[in-house]
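**Student:**
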Amino acid sequence: MPAINLTSNVKDNLDFIMHVSKESGQPVQHCYQCGKCTAGCPVAFAMDYPPNRIIRMVQLGLKEHVLKSQAIWLCAYCSTCTSRCPRNVNLARVMDCLRGMARREGIQLEGRAKKIALFYDCFLDTVKRNGKLYELGMMLNYNLKTGHFFKDAGTGLAMFTKGKIKLIPTKNENYKDLAQIFERIEEMEEKC
Ligand code: SF4
Ligand code: SF4
84 MPAINLTSNV KDNLDFIMHV SKESGQPVQH CYQCGKCTAG CPVAFAMDYP
134 PNRIIRMVQL GLKEHVLKSQ AIWLCAYCST CTSRCPRNVN LARVMDCLRG
184 MARREGIQLE GRAKKIALFY DCFLDTVKRN GKLYELGMML NYNLKTGHFF
234 KDAGTGLAMF TKGKIKLIPT KNENYKDLAQ IFERIEEMEE KC
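All the letters of the sequence shown, read from the start, carry residue numbers 84 to 275 under the numbering used here.
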């Protein structure tokens with residue numbers, strides 16, 4: 084990371100810092116870097132920046148680095164960090180907020196972040212269409228978009244023969260209501 088004047092960086096990115104606090108509803112500035120969140124995080128070992136560093140980077144207004152990080156996508160929303168934080172920062176919500184911001188700002192995702200975001204899209208697409216998850220459709224869509232056409236084919240076949248996944252999707256009786264909820268959320272996101 085090239086040298087950055089952090090004092091002026093905070094001033095230049097006050098909007099970002101305030102926006103993260105407001106949208107996540109979390110007192111981001113209360114974090115005093117004790118590191119308990121990172122110590123308990125089950126996926127910190129795989130992150131490019133550990134959870135406490137993500138919060139610090141938000142405090143310092145390092146918007147681009149935060150929104151391009153793999154860490155915000157690797158977060159599993161398990162809330163271990165949240166339960167451990169002595170400053171009552173719900174870090175899981177902050178991570179969720181940052182993912183939303185990255186999508187809205189059109190950040191070009193790379194590596195695992197790109198695949199995780201695509202997985203979310205494929206998952207939500209089947210829920211939007213059917214009102215519930217259609218596993219086979221989601222797997223095929225994901226494999227098609229990642230170019231790994233036969234990924235997990237063996238597992239899928241084994242699950243199918245045991246009746247664990249269905250060939251034809253079935254709809255939740257309230258699928259139209261759920262589709263409307265999706266539409267409303269998309270409208271709200273456009274206004275953010
Ligand atoms: S546990 Fe809370 S106070 Fe400690 S570093 Fe993590 S977010 Fe900050
Ligand atoms: S919610 Fe995310 S950041 Fe917090 S402990 Fe779980 S995986 Fe780690």
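Heads up, the beta-carbon is just placed ideally off N, CA and C, and yes, glycines get one too. Fair warning: this is a prediction, and the values are worked out from it, not measured in the lab.
What separation, rounded to the nearest whole angstrom, lies between the Cα atoms of Glu188 and Ile138?
**Tutor:** As a position in the sequence shown, residue 188 is number 105, starting the count at 1. As a position in the sequence shown, residue 138 is number 55, starting the count at 1. About 19 Å.
**Student:** Which residues bound the alpha helix (DSSP H) around Ser107?
**Tutor:** Indexing the sequence shown from 1 puts residue 107 at position 24. Per DSSP, Ser107 belongs to the alpha helix (DSSP H) from 97-107.
**Student:** Whose C-alpha, out of Asn96, Glu106, Trp156, Ile199, is nearest the C-alpha of Thr229?
**Tutor:** Counting from one through the sequence shown, the residue named residue 229 turns up at place 146. The residue with the shortest Cα to Cα distance from Thr229 is Ile199.
**Student:** Leaving aside the five residues before and after Met242 along the sequence, list all residues of the same chain whose C-beta is less than 7 Å from its C-beta, in chain order.
**Tutor:** Counting from 1 along the sequence shown, the entry for residue 242 is found at position 159. Taken in chain order, the residues that qualify are Ile248.
**Student:** Among the candidates Ser91, Lys105, Leu219, whose CA atom is the shortest distance from the CA of Met184?
**Tutor:** For the purposes of this step, residue 184 is taken as the residue at position 101 of the sequence shown. Checking every option, the nearest Cα to that of Met184 belongs to Lys105.
**Student:** When burial is assigned at 16 or more other CB atoms within 10 Å of the CB, is Ser91 buried or exposed?
**Tutor:** Locating residue 91 in the sequence shown gives position 8, where the first residue counts as 1. With fewer than 16 Cβ atoms within 10 Å of its Cβ, Ser91 is classed as exposed.
**Student:** Might you give, ordered along the chain, the residues of its own chain that have their beta carbon closer than 7 Å to the beta carbon of Asn257, omitting 5 neighbours on each side?
**Tutor:** Position 174 of the sequence shown, counted from the first residue, corresponds to residue 257. Once the five neighbours on either side are set aside, the close Cβ partners of Asn257 are Gly214.
**Student:** Under DSSP, the alpha helix (DSSP H) around His148 begins and ends at which residues?
**Tutor:** Position 65 of the sequence shown holds residue 148. Here the alpha helix (DSSP H) through His148 covers 146-150.
**Student:** My assumption, with CB atoms under 8 Å, is that Phe206 sits in contact with Leu216. Please give the rounded CB distance.
**Tutor:** On the sequence shown, residue 206 is found 123 positions in, with the first residue counted as 1. On the sequence shown, residue 216 is found 133 positions in, with the first residue counted as 1. The Cβ separation is near 7 Å, so the contact holds.
**Student:** Helix, strand or coil for Arg182 per DSSP?
**Tutor:** Residue 182 sits at position 99 when you count from the first residue of the sequence shown. In the structure shown, Arg182 sits in a helix (DSSP, three-state: H, G or I).
**Student:** Just mark Ala129 as buried or exposed, buried being the case when its beta carbon has 16 or more other beta carbons within 10 Å.
**Tutor:** Taking the first residue of the sequence shown as position 1, residue 129 is located at position 46. Ala129 comes out exposed.
**Student:** Please confirm if the stretch 149-158 is in contact with the stretch 115-130, defined as three or more CB-CB distances below 8 Å between the two stretches.
**Tutor:** Verdict: yes, contact present.
**Student:** Report yes if the CB atom of Ser107 is closer than 8 Å to the CB atom of Cys180, and no otherwise.
**Tutor:** For the purposes of this step, residue 107 is taken as residue 24 along the sequence shown, with counting starting at 1. For the purposes of this step, residue 180 is taken as residue 97 along the sequence shown, with counting starting at 1. Yes; because the gap between Cβ atoms is below 8 Å, this pair is in contact.
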